[in-house]
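Top line first, the protein sequences correspond to chains P and Z. Just so we're aligned: the first sequence equals residues -12 to 400 in this note's numbering. Just so we're aligned: the second sequence equals residues -12 to 400 in this note's numbering. Quick notes on the structure that follows.
2 protein chains.
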Amino acid sequence: MQAMGFERILGGVCAPEGFLASGVSCGIKEEGGLDLALVYSEKPAAATGVFTTNSMKSPAVVLSRERLLGGAARAVVVNSGNANSMTGARGVDDAAAMAAAVEDALEIPAGQALVASTGRIGEYLPIKRVVSGIRAAVEDLNPGGNTDATKAIMTTDTYPKELAAKMEIGGKVVRVGAMAKGSGMIHPNLATMISVITTDLDIGVDTMRDWLGKAVEWSFNRISVDGDMSTCDTVFMMANGAVFPGGYKMTEEEAGLFFKTLCWLTGNLAVALVKDGEGATKLLRVVVNGAGDDTEAVLVARAIGNSSLVKCAFHGGLPAWGRIAAAVGSAGVPVSAEKLSVAIGESEVFSGGEMVEFDPGELGLVVNRDEVEITVDLGQGSGSAYFMTCDLSPEYVEFNAGDKSLWRDPVER
Amino acid sequence: MQAMGFERILGGVCAPEGFLASGVSCGIKEEGGLDLALVYSEKPAAATGVFTTNSMKSPAVVLSRERLLGGAARAVVVNSGNANSMTGARGVDDAAAMAAAVEDALEIPAGQALVASTGRIGEYLPIKRVVSGIRAAVEDLNPGGNTDATKAIMTTDTYPKELAAKMEIGGKVVRVGAMAKGSGMIHPNLATMISVITTDLDIGVDTMRDWLGKAVEWSFNRISVDGDMSTCDTVFMMANGAVFPGGYKMTEEEAGLFFKTLCWLTGNLAVALVKDGEGATKLLRVVVNGAGDDTEAVLVARAIGNSSLVKCAFHGGLPAWGRIAAAVGSAGVPVSAEKLSVAIGESEVFSGGEMVEFDPGELGLVVNRDEVEITVDLGQGSGSAYFMTCDLSPEYVEFNAGDKSLWRDPVER
Chain P
-12 MQAMGFERIL GGVCAPEGFL ASGVSCGIKE EGGLDLALVY SEKPAAATGV
38 FTTNSMKSPA VVLSRERLLG GAARAVVVNS GNANSMTGAR GVDDAAAMAA
88 AVEDALEIPA GQALVASTGR IGEYLPIKRV VSGIRAAVED LNPGGNTDAT
138 KAIMTTDTYP KELAAKMEIG GKVVRVGAMA KGSGMIHPNL ATMISVITTD
188 LDIGVDTMRD WLGKAVEWSF NRISVDGDMS TCDTVFMMAN GAVFPGGYKM
238 TEEEAGLFFK TLCWLTGNLA VALVKDGEGA TKLLRVVVNG AGDDTEAVLV
288 ARAIGNSSLV KCAFHGGLPA WGRIAAAVGS AGVPVSAEKL SVAIGESEVF
338 SGGEMVEFDP GELGLVVNRD EVEITVDLGQ GSGSAYFMTC DLSPEYVEFN
388 AGDKSLWRDP VER
Chain Z
-12 MQAMGFERIL GGVCAPEGFL ASGVSCGIKE EGGLDLALVY SEKPAAATGV
38 FTTNSMKSPA VVLSRERLLG GAARAVVVNS GNANSMTGAR GVDDAAAMAA
88 AVEDALEIPA GQALVASTGR IGEYLPIKRV VSGIRAAVED LNPGGNTDAT
138 KAIMTTDTYP KELAAKMEIG GKVVRVGAMA KGSGMIHPNL ATMISVITTD
188 LDIGVDTMRD WLGKAVEWSF NRISVDGDMS TCDTVFMMAN GAVFPGGYKM
238 TEEEAGLFFK TLCWLTGNLA VALVKDGEGA TKLLRVVVNG AGDDTEAVLV
288 ARAIGNSSLV KCAFHGGLPA WGRIAAAVGS AGVPVSAEKL SVAIGESEVF
338 SGGEMVEFDP GELGLVVNRD EVEITVDLGQ GSGSAYFMTC DLSPEYVEFN
388 AGDKSLWRDP VER
């Protein structure tokens, strides 16, 4: 890892200097457990965010997006168990009340708190409990609170996902840390995922917007669990410059190193989200080469990664390359069978328009691995893209057909 | 039904005068059973077809599409159990050999036989057995062969689907009949479906192309089982004018009646395909109103109908309207929660941006019906569309994860 210029370290959002966090239980989740997370920067911080492209944006997304026009924030509050989405005027008020409660308890200026909510759609927040929870979370803020915070943003994730790294910039040790949650409704354009990224580097907000946009495009926007897109996906990033009290202007090389580290962080968290997708037993990496351009390559990679038939086949350990070919042809991109090549793992199964003899036994071993790579060459040009998805299992269906809690009258809550 | 101007009758592709059919077993399906169907018009017939939009078109699709530029055909041969798709140069030869065998055995001019194949992708046809089967099918042609033909085009369908109707045009009884098969990889744009429609009306091929295009757009193109698009979907239509030996020019009213009957036929077959979708236990009818225009309405209806989460929810009998709203927002069409209304069956659950109190017990009865209607109003304009899909069940996944026959070395066959 050091050969890459950065080093993985333990921890998450509290790894960078000047960040505190906490995770508390305020009673949103009926089954109990941590359900409210707070991340706080002791110093003013530049801040930006990337949000769902779903037209049905949740009130927290609308509020946070507007606040980030200012490019600064001191705190992020996230609740899990309830998405506060499709909740009308009351939902808008509740998101504002969450932000106000954070600002009030932390004694920070109005407009400096960001909000995210994840969980079930179409239920009003128990806002009194949430506000009490925010006060408790402020009391609990501490430099080792990152893992509690990470647990508190989980919904159907089976384990907390956090990651941190350090590197040397301007003679100082700079750190970047993050937490993220999945794990259904994951789709290109960030479906049902929340991530908070922190750093003690001094970054201008314009640079940070550019970097975060690219890092998200190449990670969270290239994964899918079920092809469904959420109403509340959010990635926040805060940079408080704590290691450079007098400010610091990075060299181009240093900027490149930090951006590379950021991409490593989001890329690894994206893989973790797919691996922990609902019912997932396998990671499928789809690589498309030879497309007319990168945009066409992304469309083809997504078509393969979102094919139910392909995902079922890999669940069953079937080398169903015909389903891959059919998915390629359905992407709405000019392709031709005559120029197509398909490989599963190292085994080429179709090449230049003709089937390739393969050893079924050997291919069987490949498709039963925990991670399978599908490589497609369209033979059209030099565009390429990758996309990561998981298999589709009966457990996914059972899980998503069985959430009987949806039965509750949402108006009563 | 008579009030509609036409009447359902027993039968299928042989209901119209001058059509014979047969279905034989030629040994493509390892499990045995009928796997080769032939439909033959005793007289020259106008013919047209609609095909998959998948770029990976099967050789049979390419061949038939080219032949139909001429607007005439005497026979359709369809094999099941093997799609002859992604089979390279040999697949092209095999499709041509099938057509030639039909023309040879029937002693009809070259270019007058149409071909379709459905089944597994990426396996060479056992062409000698297929050609023998074609000869046997020609021998077996008879005016009661429609049901054998319908059975012979089935792959994973659980029952044969055929339908016929009669009406009075020009003082004569005119008939139209059809057969169709599903039942996985069904998606907008005709995935893995084959249908053959026959009539003894005298129709010009230009009119027939227009009618069939519209009838397919409003039926087979508005259904989905799993969102996957096949490489070989085909709808053929033949009109032999047998009841009007001297030709006949329909009145506008008569033309309207026939077109309505054709739409009734394709619409009902489309519903049958969805109901018999792999693992399907429920039919979901999605109706979108109030869209900016009809095109936007179709996009929204498809987004709902293709949402794995929505389909899982209905499988489990959950009134998960939040998932419907999220799917609406992901359609890439301008919508706003403030103007959205959603109803499940007769129960409105969301209206004008706010949740509506509903009786969970009553709604529970609705969502557990065999057929559930989801109605969405976008409040944007007057565009509307409908879409039909089925629920997503663990059985679908098990079925598509378990086709161990895919293991066979395709080159050996």
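Ideal Cβ positions, reconstructed from N, Cα and C, are used throughout, including at glycine.
Can residue i be considered in contact with the ligand SAM, in the sense that its beta carbon sits closer than 7 Å to one or more heavy atoms?
i	result
residue 60 of chain P	The ligand SAM is not part of the structure shown, which contains no ligands of any sort.
Buried or exposed for residue i, going by 16 or more other Cβ atoms inside 10 Å?
i	result
residue 76 of chain Z	exposed
residue 342 of chain P	buried
residue 45 of chain P	buried
residue 228 of chain P	buried
residue 349 of chain P	exposed
residue 392 of chain Z	Any answer about residue 392 of chain Z is weak, because its pLDDT of 45 lies below 50 and its placement is not dependable; what the coordinates show is given next. Looking at its Cβ environment, which holds fewer than 16 other Cβ atoms inside 10 Å, residue 392 of chain Z is exposed.
residue 160 of chain P	exposed
residue 321 of chain P	exposed
residue 96 of chain Z	exposed
residue 237 of chain P	buried
residue 173 of chain P	Any reading at residue 173 of chain P is ruled out, since the residue's pLDDT is 47, under 50, leaving its predicted position unreliable.
residue 306 of chain P	buried
residue 27 of chain P	buried
residue 147 of chain P	buried
Please confirm if residue i has its CB atom under 8 Å from at least one CB of chain P.
i	result
residue 1 of chain Z	no
residue 341 of chain Z	yes
residue 108 of chain Z	yes
residue 300 of chain Z	yes
residue 264 of chain Z	no
residue 218 of chain Z	yes
residue 387 of chain Z	yes
residue 82 of chain Z	no
residue 337 of chain Z	yes
residue 288 of chain Z	no
residue 43 of chain Z	yes
residue 381 of chain Z	yes
residue 415 of chain Z	Only positions -12 to 400 of chain Z appear in the structure, and residue 415 of chain Z is not among them; the question remains open.
residue 25 of chain Z	no
If distances are taken between C-alpha atoms only, which option among the options comes closest to residue i?
i	options	result
residue 43 of chain P	P/376, P/229, P/108, P/287	P/108
residue 167 of chain P	P/253, P/98, P/200	P/253
residue 142 of chain P	P/278, P/265, P/321	P/265
residue 5 of chain Z	Z/64, Z/130, Z/115	Z/130
residue 33 of chain Z	Z/180, Z/292, Z/10, Z/98	Z/98
residue 276 of chain Z	Z/362, Z/53, Z/112, Z/11	Z/362
residue 7 of chain P	P/24, P/-8, P/15, P/20	P/24
residue 383 of chain P	Z/303, Z/326, Z/333	Z/303
residue 406 of chain P	P/56, P/274, P/323, P/234	With chain P represented from -12 up to 400, any question about residue 406 of chain P goes unanswered, as that position is not in the structure.
residue 164 of chain P	P/133, P/144, P/314	P/133
For residue i, which three-state DSSP category applies?
i	result
residue 360 of chain P	strand
residue 159 of chain Z	strand
residue 150 of chain Z	strand
residue 31 of chain Z	strand
residue 195 of chain Z	helix
residue 376 of chain Z	strand
residue 343 of chain P	coil
residue 164 of chain Z	strand
residue 206 of chain Z	coil
Between residue i and chain Z, is the shortest Cβ-Cβ distance under 8 Å, so that the two count as touching?
i	result
residue 224 of chain P	no
residue 321 of chain P	yes
residue 284 of chain P	no
residue -2 of chain P	no
residue 411 of chain P	Missing from the structure shown is residue 411 of chain P; chain P here goes from -12 to 400 and no further.
residue 173 of chain P	Only weak support exists for where residue 173 of chain P lies, its pLDDT of 47 falling under 50; the value from the coordinates is given anyway. Not an interface residue.
residue 303 of chain P	yes
residue 308 of chain P	yes
residue 316 of chain P	yes
residue 21 of chain P	no
Hey, does residue i have any beta-carbon neighbour from chain B nearer than 8 Å?
i	result
residue 74 of chain P	In the structure shown, chain B does not exist; the protein chains are P and Z.
| query | What beta strand (DSSP E) runs, 3 residues minimum, are completely inside the region 264 to 338 of chain Z? | reply | Segments of the beta strand (DSSP E) lying fully in the region 264 to 338 of chain Z: 270 to 278, 328 to 331, 334 to 338.
| message | Suppose only complete runs of 3+ residues qualify. What are the beta strand (DSSP E) ranges in the region 226 to 269 of chain Z, listed by chain order? | response | Whole beta strand (DSSP E) segments, 3+ residues: zero.
| query | Can you give, in chain order, each stretch of the beta strand (DSSP E) that sits fully within the region 19 to 73 of chain Z and has at least 3 residues? | reply | Runs found: 23 to 38, 59 to 69.
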